[in-house]
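Residue numbers (my numbering): 251 to 483.
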């Protein structure tokens with residue numbers, strides 16, 4: 251039996267992973283549940299883990315895997331089981347794990363790898379098509395997609411590490427809070443969280459060692475929105 255707050259947090263994590271492929275940060279969880287401190291989030295996550303609804307993946311920055319949802323949050327009368335990273339055909343593989351080889355071989359689709367993207371200080375703009383990357387078909391929705399290799403650690407608190415492959419849906423618009431590929435002044439590409447306020451555009455890092463950069467509306471062009479992530483070991 252879960253409390254109202256535990257259910258609220260579980261649904262928030264589940265929705266965010268489904269929408270963006272990346273678990274929310276502790277600050278985002280705290281804001282979404284209107285809690286005063288992150289210690290309350292730690293307690294809720296521990297309770298959900300003890301009850302078998304989520305799993306914390308070891309040696310990764312706040313990586314969470316949803317194992318199941320309670321009856322009230324599922325479509326059927328029985329408790330819904332969420333596929334884990336070890337399932338042969340997961341519906342939505344965990345954001346920070348590469349899909350199992352058998353799954354990739356049977357159902358993989360490919361998207362073009364367009365070079366490297368900075369999750370740190372912006373680097374040169376997106377390069378030409380280098381090679382193709384295999385990814386699970388459920389990660390790819392409508393529209394055009396491409397992949398980029400991450401360089402830098404400014405998005406590490408969002409679960410995005412150097413060397414990861416991010417899957418991007420090409421778009422010229424995004425919502426507040428989306429992680430986007432942004433082209434700064436037509437020549438520097440970077441991976442950051444988008445924040446809009448009035449006529450200004452902020453590119454926000456997920457690492458306290460990096461400052462949020464503020465730009466005018468004509469200085470930033472959105473190239474795409476993060477929809478998935480692949481990590482290899």
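C-beta atoms are modelled at their ideal positions from N, C-alpha and C, and glycine is treated no differently.
Inter-residue Cα distance where the pair is residue i and residue j
| i | j | result |
| --- | --- | --- |
| residue 442 | residue 303 | 30 Å |
| residue 200 | residue 416 | A question about residue 200 goes unanswered here, because the residues of the chain that appear run from 251 up to 483. |
| residue 448 | residue 423 | 16 Å |
| residue 350 | residue 414 | Reliability of the predicted coordinates at residue 350 is poor, the pLDDT of 44 falling under 50, and no value is obtained from them. |
| residue 253 | residue 283 | 13 Å |
| residue 317 | residue 438 | 39 Å |
| residue 364 | residue 381 | 8 Å |
| residue 306 | residue 296 | 9 Å |
| residue 268 | residue 435 | 32 Å |
| residue 406 | residue 320 | 30 Å |
| residue 482 | residue 451 | 33 Å |
| residue 480 | residue 384 | 9 Å |
| residue 281 | residue 289 | 13 Å |
| residue 287 | residue 412 | 29 Å |
| residue 421 | residue 395 | 9 Å |
| residue 369 | residue 458 | 13 Å |
| residue 277 | residue 300 | 22 Å |
Distance CB(residue i)-CB(residue j) smaller than 8 Å
| i | j | result |
| --- | --- | --- |
| residue 475 | residue 401 | no |
| residue 469 | residue 431 | no |
| residue 270 | residue 456 | no |
| residue 298 | residue 260 | yes |
| residue 478 | residue 389 | yes |
| residue 362 | residue 397 | yes |
| residue 433 | residue 403 | no |
| residue 294 | residue 256 | yes |
Contacting residues, own chain, Cβ-Cβ under 8 Å from residue i (five flanking each side not counted)
| i | result |
| --- | --- |
| residue 426 | 444, 445 and 446 |
| residue 263 | 273, 274, 279, 304, 314 and 316 |
| residue 367 | 373, 376, 398, 399, 400, 401, 416, 431, 439, 440 and 441 |
Neighbourhood of residue i by C-beta distance below 6 Å, restricted to the same chain and skipping five residues each side
| i | result |
| --- | --- |
| residue 428 | 444 and 475 |
| residue 463 | 453 |
| residue 327 | Any reading at residue 327 must be qualified, since the residue scores a pLDDT of 33, below 50, and its modelled position is unreliable; no value is offered. |
| residue 393 | 419 |
| residue 460 | 404 |
| residue 345 | With a pLDDT of only 40 at residue 345, under the threshold of 50, the placement of this residue in the model should not be trusted; the figure read from the coordinates follows. Cβ within range, chain order: 271, 272 and 479. |
| residue 266 | 274 |
| residue 359 | 387 and 390 |
| residue 291 | 276, 279 and 280 |
Strand pairing of residue i, partner residues [DSSP]
| i | result |
| --- | --- |
| residue 272 | In DSSP, residue 272 forms no bridge with anything. |
| residue 360 | 384 |
| residue 288 | None; residue 288 has no bridge partner. |
| residue 314 | 306 |
| residue 471 | 433 |
| residue 368 | 401 and 440 |
| residue 396 | 418 |
Residues near residue i in its chain [Cβ-Cβ closer than 7 Å; skip 5 each side]
| i | result |
| --- | --- |
| residue 258 | 283 |
| residue 325 | The predicted model places residue 325 with a pLDDT of 46, which falls under 50 and marks its position as unreliable; any figure quoted below should be read in that light. Correct list: empty, nothing qualifies. |
Every unbroken beta strand (DSSP E) within the region 409 to 460, with a cutoff of 3 residues, ordered by chain
Entirely contained in the region 409 to 460, the beta strand (DSSP E) runs reaching 3 residues are, in chain order, 415 to 420, 429 to 434, 438 to 447 and 450 to 454.
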